[in-house]
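Report on the following structure.
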Ligand SMILES: NC(=O)c1ccc[n+]([C@@H]2O[C@H](COP(=O)([O-])OP(=O)(O)OC[C@H]3O[C@@H](n4cnc5c(N)ncnc54)[C@H](O)[C@@H]3O)[C@@H](O)[C@H]2O)c1
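Residue numbers (the working numbering): 159 to 508.
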């Protein structure tokens, strides 16, 4: 079988950490090209990971390279147009999260993917964690009985990312779009992706623009705006979401908060026969009318690798990925409903 010709757009942090190394190591992939507005950065990473060609214009890359697949690793606001361009050239897509930050764009992308018969996977990395998959087995088996409450949170004490993330014109939103998307997507997917009925949300610009010393942060590779000069987004978000069937979700997200540092994504699910927590992975039940706690014993995995390899597999087999564009659209709709509720100060019904 011929190797897949894969391109990557965006030679930034996530491309360097996740996409490039795992395309490079995949035996069925030829890393054909890397595109970034910054030619120097693209050249440097292309040399490091063995990408054959370098472009400063993604259009030119699509025109010249006859790619089979592409990863889109650019700021959120650029995703929609780049995905459309890839489809126009008959290329399958792995787009970083969130799919996009606009409801009409999301709708157009779903229609375009379906119309073109293209695979469009959204990079919901946490779904590929082995502990998540273990916990999901309990949920899928019905071990918790009727699910009625799920709590999802990711609360950083000091973790505002440096770079375009705090500039709404580039990111589409603050901590909700950046890490809230992981928490919301994961919890929603774990409980079976129920339909959203209503949302009440609140976005806060609290202490995210801190001057704290010696606190590490996710760094954009882009020097522009590195010091968070533009900061017009929330750094704390919370929401209460009601789903069809009666399940409710509480979501809490922060880039910075005066509470304990807890960068881990936490999801706790409660049902009438049992409950389960993701971190640590423990099943809470009752046996012979005695309370029990069962610790799940799970080896960690390289979930970025598993995510990239899954995408390659889906492209080769023409199979729908674990995180589809349709699911990506629903997550964007939920995020935007939270924003709408925060802006209007009212519950939003869908
Ligand atoms: N799945 C995860 O765990 C995870 C983690 C971090 C970031 N992300 C996502 O990955 C994406 C990129 O984040 P990052 O931290 O790597 O950002 P980054 O700023 O480090 O890199 C972005 C790169 O894109 C380039 N770029 C911007 N517009 C471009 C365009 N039109 N064409 C070509 N190149 C362009 C920039 O020059 C920069 O090099 C975001 O959508 C982010 O939400 C996902």
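The beta-carbon is built from N, C-alpha and C at its ideal position, and this holds for glycine as well.
- In this structure residue 355 does not touch residue 493 by the C-beta definition: roughly 16 Å separates them, more than the 8 Å allowed.
- In the three-state reduction of the DSSP assignment, residue 214 falls in the coil class, being assigned neither a helical nor a strand state.
- Here residue 374 is exposed: its Cβ has fewer than 16 other Cβ atoms, across all protein chains shown, within 10 Å.
- The shortest C-alpha to C-alpha distance from residue 277 to any of 220, 366, 347, 249 is the one to 249.
- Apart from sequence neighbours up to five positions away, the residues of its chain that approach residue 364 with a beta-carbon distance below 6 Å are 393, 394, ordered along the chain.
- Taking every protein chain shown into account, the CB of residue 370 has fewer than 16 other CB atoms within 10 angstroms, so this residue is exposed.
- Going by DSSP, residue 207 is part of the alpha helix (DSSP H) stretching over 197 to 207.
- With a beta-carbon spacing of about 25 Å, residue 264 and residue 311 fall beyond the 8 Å limit used to define contacts.
- Three or more beta-carbon pairs separated by less than 8 Å are not found between the region 321 to 341 and the region 430 to 450, which leaves the two stretches without contact.
- Counting along the chain, residue 326 sits inside the alpha helix (DSSP H) bounded by residues 326 to 329.
- A Cβ-Cβ separation of about 12 Å leaves residue 190 out of contact with residue 160 under the 8 Å criterion.
- Per DSSP, the beta-bridge partners of residue 400 are 356, 406.
- About 11 Å separates the CB atoms of residue 434 and residue 290; that is not less than 8 Å, and the two are not in contact.
- By the CB criterion at 9 Å, residue 468 and residue 286 fall inside the cutoff.
- Under DSSP, residue 424 shares a beta bridge with 311.
- In this structure, the beta-carbon distance from residue 199 to residue 170 falls below 9 Å.
- For residue 181, the uninterrupted alpha helix (DSSP H) run begins and ends at 178 to 183, by DSSP.
- Beta-bridge pairing by DSSP links residue 277 to no other residue.
- The shortest C-alpha to C-alpha distance from residue 255 to any of 348, 398, 329 is the one to 329.
- Under the three-state reduction of DSSP output, residue 414 falls in the strand class.
- Around the beta-carbon of residue 326, 16 or more other beta-carbon atoms lie within 10 Å, marking it buried.
- DSSP, read as helix, strand or coil, puts residue 338 in helix.
- Minimum Cα-Cα distance from residue 399 among the listed residues 281, 318, 495 corresponds to 495.
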